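Top to bottom, those sequences are chains B and G. Here this note's numbering is used: the first residue of the first sequence is 1, the next is one more, and so on. Here this note's numbering is used: the first residue of the second sequence is 109, the next is one more, and so on.
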Amino acid sequence: MDQYHLGEFEEIVLLTVAILDGQAYGLSIIEEIKSRLDRSVSLGAIQTVLKRLEEKGMLSSEFGEATKVRGGKRKRYYTISTYGLQVIKESKEQRLSLWNAMPKLNFN
Amino acid sequence: MKGTENPNPPRILLQVFRWFCHPDFQEEIEGDLLEQFHLNVEEYGFNQAKWHFVLDVLLLFRPEIMGNFYQLTFYPFQQMYTSHWVKLIGLNLLFAALILLRFVPGPPNQVATAFSVFGFFGAIVGIFLAPISIAWTIVEFKKLRQSNQVNNYWRSGYYFAIAAMVVCCAFLVLTLGLVLTKGAYGLLPSAILLALALWKIIPQLNKLRRETEKRFNPIPLYLLSIPLVAFIVHMSLVVPVSQYSRNYVIKKTESLISAIETYKIQKGQYPESISDLQPNYLSKIPRPAIMGSMEYQYEKIGETYNLSFQQQLGATDELVVYNRANIHNIKGHYASFDAKVPHWRYYWMD
Numbered sequence: 001m002d003q004y005h006l007g008e009f010e011e012i013v014l015l016t017v018a019i020l021d022g023q024a025y026g027l028s029i030i031e032e033i034k035s036r037l038d039r040s041v042s043l044g045a046i047q048t049v050l051k052r053l054e055e056k057g058m059l060s061s062e063f064g065e066a067t068k069v070r071g072g073k074r075k076r077y078y079t080i081s082t083y084g085l086q087v088i089k090e091s092k093e094q095r096l097s098l099w100n101a102m103p104k105l106n107f108n
Numbered sequence: 109m110k111g112t113e114n115p116n117p118p119r120i121l122l123q124v125f126r127w128f129c130h131p132d133f134q135e136e137i138e139g140d141l142l143e144q145f146h147l148n149v150e151e152y153g154f155n156q157a158k159w160h161f162v163l164d165v166l167l168l169f170r171p172e173i174m175g176n177f178y179q180l181t182f183y184p185f186q187q188m189y190t191s192h193w194v195k196l197i198g199l200n201l202l203f204a205a206l207i208l209l210r211f212v213p214g215p216p217n218q219v220a221t222a223f224s225v226f227g228f229f230g231a232i233v234g235i236f237l238a239p240i241s242i243a244w245t246i247v248e249f250k251k252l253r254q255s256n257q258v259n260n261y262w263r264s265g266y267y268f269a270i271a272a273m274v275v276c277c278a279f280l281v282l283t284l285g286l287v288l289t290k291g292a293y294g295l296l297p298s299a300i301l302l303a304l305a306l307w308k309i310i311p312q313l314n315k316l317r318r319e320t321e322k323r324f325n326p327i328p329l330y331l332l333s334i335p336l337v338a339f340i341v342h343m344s345l346v347v348p349v350s351q352y353s354r355n356y357v358i359k360k361t362e363s364l365i366s367a368i369e370t371y372k373i374q375k376g377q378y379p380e381s382i383s384d385l386q387p388n389y390l391s392k393i394p395r396p397a398i399m400g401s402m403e404y405q406y407e408k409i410g411e412t413y414n415l416s417f418q419q420q421l422g423a424t425d426e427l428v429v430y431n432r433a434n435i436h437n438i439k440g441h442y443a444s445f446d447a448k449v450p451h452w453r454y455y456w457m458d
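Printed below as a string of structure tokens:
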């Protein structure tokens, strides 16, 4: 099977889900990305990527609790799967190898 | 906190979201939307939070999140049993047949005419019922898309009760009208309808009010489709079918005209009444050869005569007139046409 190549935003979402460690749901992921990267993302963008990554088997999910502010609707918590972890590790290694392969440039 | 004490997001936008969102994702995304809205109310105030909400909903309009259009549109139809489809098609065919019954070749038949009027009137009532039918259909479609914990299936019972009441009142009025104008002939369709009402409506109403099972109810689809199909039949078929029946009767009238002309040749003048043709010229006075027509009308006018018959095109009466001298002087019509057969014209009466 060909390896799936993560997009930049997919990688961010996957990493954020891993950081939140079992507490990742739509809104908490948005807040985390905003606080760590100072980047605003829409609920639509997050949900789209979450569904796609879950379909690829990189994330798994289960329903959590319902609260009053959510109109009695339950949260869906996402956790990173073994395959997801493997994909981000490979992605990190590929980038590192690219960094390492770069000749020392004089930025001055 | 700025804004109101118990803020709620724009209801219409929430409804739009519920419509387009895939049912499997609806709960969690709606929860996220509401939580986001409440956070925004605290941070920006109610008015700005509303606009954020609008933007959030619009940005959710993505292929991965939307239910596919086939599912959105046809999912309820997949819940219909074969018997529902048979009833839906059968009822529509029945109403179409009833509307066209009066143009069918055959001896004039008052019961057929009464049935035909019922069919036409039923389609008209259906048009007035359309708002209820649409609202009821939406309830039925939504019922299938909501979670199993929500139990508001009894709503179907209320819509059914309103629709049944409107239909019964309308047909009661029509029955009275038919009995007054067509006598006992109007009673047969009424009796059949009453029997159907007692047999079906009351038990169905009780069943719907106590409904606890999530199941699609096709009755509003019947109510919506019947007037639509009846309208299409009326607009597309009544004109050609009435043209066929008109020409058919005109052809069948040749023997009567021939007898009148023979009478004139032998007696030197036209008969005062067509009953004068019996028994020497005709053994029996014929009647127009379509089910929805009445007797021939004959009127001697000086040295000529008018021979006519009537057929009904929905709300309009069509008078088809023969005058050998081509002196067509009929009053009370709003349109007249050449029947494309020598000496015949037809009139659409007020």
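For every residue, glycine included, the Cβ atom is placed at its ideal position computed from N, Cα and C. Values in this document were obtained by computation on a predicted structure and should not be read as measured data.
DSSP lists no bridge partner for Leu141(G). Excluding its 5 nearest sequence neighbours in each direction, Phe145(G) has C-beta neighbours in its own chain below 7 Å: Pro117, Ala157 and Phe161, listed in chain order. The beta carbon of Leu427(G) lies closer than 6 Å to those of Ser416, Gln418, Tyr455 and Met457 in the same chain, with the five residues before and after it left out. Nearest to Ile207(G) by alpha-carbon distance, out of Gln374(G), Gln351(G) and Val341(G), is Val341(G).
Under the Cβ distance rule, Gln144(G) counts among the residues neighbouring chain B, one pair being separated by less than 9 Å. Taking the C-beta atoms as reference points, Gly84(B) is found no nearer than 9 Å to Leu50(B). Inter-residue distance for Gly227(G) and Met399(G) is about 15 Å (C-alpha atoms, whole angstroms). Using a Cβ-Cβ cut-off of 9 Å, Arg170(G) is close to Gly44, Ala45, Gln47 and Thr48 of chain B, given in chain order. Distance between Val287(G) and Lys251(G), taken at the CA atoms: about 42 Å.
Taking Gly376(G) as reference, the option from His441(G), Thr412(G), Tyr189(G) and Ala305(G) with the minimal CA-CA separation is Thr412(G). The Cβ of Lys89(B) sits no closer than 9 Å to any Cβ of chain G. Using a Cβ-Cβ cut-off of 7 Å, Gly227(G) is close to nothing in chain B; its nearest Cβ partner there is about 48 Å away. Counting other Cβ atoms within 10 Å of its Cβ, Val347(G) stays below 16 and is therefore classed as exposed. The alpha-carbon separation between Leu53(B) and Pro311(G) amounts to approximately 51 Å. Those residues of the region 50-61 of chain B placed with their C-beta closer than 7 Å to a C-beta in chain G are Lys51 and Arg52, ordered along the chain. Residues of the region 138-167 of chain G with a C-beta atom less than 9 Å from some C-beta of chain B are Glu138, Gly139, Asp140, Leu141, Leu142, Glu143, Gln144, Phe145, His146, Leu147, Leu163, Asp164, Val165, Leu166 and Leu167, listed in chain order. Using a Cβ-Cβ cut-off of 7 Å, Arg70(B) is close to Gly139, Leu142 and Glu143 of chain G, given in chain order. The Cβ atoms of Tyr352(G) and Pro379(G) lie no closer than 9 Å to each other. CA-CA distance, Ile29(B) to Leu98(B), rounds to 28 Å. Between the region 139-155 of chain G and the region 69-79 of chain B, the count of Cβ pairs shorter than 8 Å is three or higher; the stretches touch.
If you ignore the 5 residues before and after Arg36(B), its C-beta comes within less than 6 Å of no other C-beta in its own chain.
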